Every structure is written in structure tokens, then in C-alpha cells.
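Here the structure is laid out as C-alpha cells; the discussion comes afterwards.
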Amino acid sequence: MRERERERERERERERESSNSSLLGGGGVDGSIHRSAGPLLRQQCASLGGCETGDAKLTSGYQLPAQHVIHTVGPIVQGACGERERAALRSCYQRSLELGEREGLRSLAFPCISTGVYGYPPAEAAEVALRTVREYLQQKPEQFDRIVFCVFLQSDEQIYKTKLPKYFPGE
Numbered sequence: 001m002r003e004r005e006r007e008r009e010r011e012r013e014r015e016r017e018s019s020n021s022s023l024l025g026g027g028g029v030d031g032s033i034h035r036s037a038g039p040l041l042r043q044q045c046a047s048l049g050g051c052e053t054g055d056a057k058l059t060s061g062y063q064l065p066a067q068h069v070i071h072t073v074g075p076i077v078q079g080a081c082g083e084r085e086r087a088a089l090r091s092c093y094q095r096s097l098e099l100g101e102r103e104g105l106r107s108l109a110f111p112c113i114s115t116g117v118y119g120y121p122p123a124e125a126a127e128v129a130l131r132t133v134r135e136y137l138q139q140k141p142e143q144f145d146r147i148v149f150c151v152f153l154q155s156d157e158q159i160y161k162t163k164l165p166k167y168f169p170g171e
């Protein structure tokens, strides 16, 4: 029984690593984006040579309503979430913001990075996301017209509703 559970966990780990760092589509948000954008997104992603944890890369949006997609690879959390994982998650948001700025994008939408099968605790991930975006906007307040935090679970929505006023009071 335990051997079977360990094998399933190793299989899930391989799936997590291959689906996201390759940028070739997997489950969750990544899979939804790929299905909605169509096969040309996968072709362009294949030409990028993957993406390291904490980095970000840009593609066209193809059949999505967005002109571009910024892909980022969040950290995998196994057990306790430490400074290494926090730094990697911060880097996901920071690099995405920098890439958006470099490409002249005026709006960005962020999902809850790493909180699905990657195991990052949602409340901690929201703190990192909100703090990182707030700090960036304090340095460059005119850079973006709009930044949206997209949530799919009611529990995530509640977390963001609770934490948002701490970082964006009155907004």
C-alpha cells in the first residue's frame, strides 16, 4: 500500500515538473490557457525551451481574448514553505511585471500561482502576490492601468478580499 502511494506521489511530481517548466500545457490554469488559446500557443511555447522556476516568458495569446500570455513557473512546496519558496514566488510576480513593462503591456491578470498541485498555501501565496505587486507599483505607479488577481475558488476569493485592503487600501 505505501509503495503504491509513493509511486503515485512520484508520478504526480513528474507531472507537475513536466507540465509547467516545459510550458507545454498541463493541468489547472496552464491547461485551461492552452486549451483556450489553441495549438499555436503550444508550438510557440515549444520554441522557448522551457522556463525556470521564478522566471517568466511571453507568448502571443492566439485564440484568447488577451493579446499576450506571460508564462511563469512557480515553486513546488513539499511540507513547510520556506524563504526559498517565497523568493521563487516573489520572482514569478516580479519577473512577470518586468516583462509586462518591457513589452509595453498596460494590464496584467495573475492567477493564484503555485497554489494548486504545486502545494503553496493559498493565504501565504496571496500575501506574496499582493506585497510584490504593491511594492512594484509604488516604484512605478503609472506603469500599468490595471492589474487583476483572478481566482477560481471561493476560498481564494475570500482570502484576497480579506488581504487586498492591507496592500491596496481604498481601491
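When we follow UniProt numbering, the leftmost residue of the sequence shown carries the number 1, and every step to the right adds one. Every residue gets a Cβ at the ideal spot worked out from N, C-alpha and C, and that includes glycine. If you're wondering where the values come from, they're calculated on a predicted model, not measured in any experiment.
The segment 94-112 makes contact with the segment 53-71: 3 or more CB pairs, one atom from each, lie closer than 8 Å.
Per the coordinates, the alpha-carbon of S114 lies some 22 Å from the alpha-carbon of S60. Within the segment 15-87, the alpha helix (DSSP H) runs of at least 4 residues that lie entirely inside it are, in chain order, 28-37, 39-47. In this structure, P121 places its C-beta atom within 7 Å of the C-beta atom of C81. Taking C-beta separations shorter than 6 Å and ignoring five residues to either side along the sequence, the partners of L40 in its chain run Y62, following chain order. Residue pairing of I147 in beta bridges, as defined by DSSP: L108.
Within the same chain, S107, L108, A109, F110 come within 8 Å of V148 by CB-CB distance, once the 5 residues on both sides are set aside. By the Cβ rule, the segment 127-142 does not count as touching the segment 41-50, because fewer than three pairs are nearer than 8 Å. Note that the C-beta distance between R90 and V128 is below 7 Å.
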